Amino acid sequence: MIACGADVIARHPRSWEKEDYIYDPLHYLALIEQKTNALDQAAPLADWELPEAYIILRRLMEARMGKKGKREFVQVLRLLETFQIADVEAGIQSALDRGTIGFDAVKHLVLCRIERRPPRLDLTVYPYLPRAYVAVTSPSDYMALLSGGGL
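The opening position of the sequence shown corresponds to residue 483 in the numbering used here, with each subsequent residue numbered one higher.
What follows is the structure, given as structure tokens:
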């Protein structure tokens with residue numbers, strides 16, 4: 483147990499083995515958020531088994547946003563400091579299904595899941611997503627299709 487005065491900061495099982503370390507990856511995420519290059523080499527994260535959706539999200543974030551994507555992925559991991567792993571995973575999966583790859587989207591979707599309300603994502607914050615353009619149909623084009631003629 484690690485304490486500061488009367489406040490318990492962390493609890494870990496004790497190991498009596500020589501040179502054995504017991505880590506809680508969540509305790510290191512704030513530091514890794516500042517030094518994102520340590521994400522791949524940090525000993526506390528080495529044996530951390532995360533669900534597949536996390537790995538897919540990380541790969542997409544880094545591919546789309548580079549170093550900023552790595553930092554945003556750590557922010558997504560930091561949601562685990564507050565929320566259950568299943569809720570965060572569901573938020574990630576929902577973001578992947580929608581194509582809204584980003585910390586803000588995942589956080590919004592996690593909160594919507596917990597609060598049992600429908601998500602309302604503002605897609606203007608995702609400039610890299612392709613935009614759909616639907617032109618106004620001309621009545622003459624529509625009539626040509628009905629009559630069997632081509633455009």
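Every residue gets a Cβ at the ideal spot worked out from N, C-alpha and C, and that includes glycine. Owing to the predicted nature of the structure, the values given are computational and were not obtained by experimental measurement.
Selection from the options that minimises the alpha carbon distance to residue i
i: Gly-548; options: Asn-519, Val-618, Pro-495; result: Asn-519
i: Tyr-536; options: Gln-516, Asp-569, Leu-627; result: Asp-569
i: Ile-583; options: Glu-501, Ala-617, Ala-545; result: Ala-545
i: Asp-506; options: Pro-600, Asp-489, Leu-527; result: Leu-527
i: Pro-495; options: Ile-504, Leu-561, Ala-512, Arg-595; result: Ile-504
i: Arg-493; options: Gln-575, Ile-514, Ile-484; result: Ile-484
i: Lys-550; options: His-590, Arg-580, Leu-521, Ser-497; result: Leu-521
i: Gln-575; options: Glu-563, Lys-552, Leu-542; result: Leu-542
i: Asp-590; options: Asp-502, Leu-513, Leu-561, Val-618; result: The displayed chain sequence assigns His, not Asp, to residue 590. Taking only the C-alpha atoms, the option nearest His-590 is Leu-561.
i: Ala-512; options: Asp-502, Glu-501, Arg-553, Pro-533; result: Arg-553
i: Pro-601; options: Ser-620, Ala-572, Thr-564; result: Ala-572
Simplified DSSP assignment, three categories, for residue i
i: Val-490; result: strand
i: Ala-626; result: helix
i: Ala-485; result: strand
i: Glu-554; result: helix
i: Val-618; result: coil
i: Ile-583; result: coil
i: Thr-564; result: coil
i: Leu-603; result: coil
Exposure of residue i, with buried meaning 16 or more beta-carbon neighbours within 10 Å
i: Leu-559; result: buried
i: Ala-587; result: buried
i: Arg-540; result: buried
Range of the contiguous alpha helix (DSSP H) that encloses residue i
i: Ala-512; result: 511-516
i: Glu-544; result: 534-547
i: Glu-501; result: Where Glu-501 is concerned, there is no enclosing alpha helix (DSSP H), given that its DSSP letter is neither H nor E.
i: Gly-573; result: 567-580
Straight-line Cα distance separating residue j from residue i
i: Glu-597; j: Val-556; result: 23 Å
i: His-509; j: Glu-515; result: 11 Å
i: Trp-530; j: Ala-524; result: 11 Å
i: Thr-606; j: Asp-623; result: 32 Å
i: Val-592; j: Lys-517; result: 25 Å
i: Val-490; j: Ser-497; result: 19 Å
i: Asp-579; j: Glu-501; result: 43 Å
i: Gly-630; j: Ser-620; result: 16 Å
Proximity test, residue i beta-carbon vs the ligand NAP heavy atom, cut-off 8 Å
i: Asp-623; result: In terms of ligand content, the structure shown is empty, and the ligand NAP therefore cannot be addressed.
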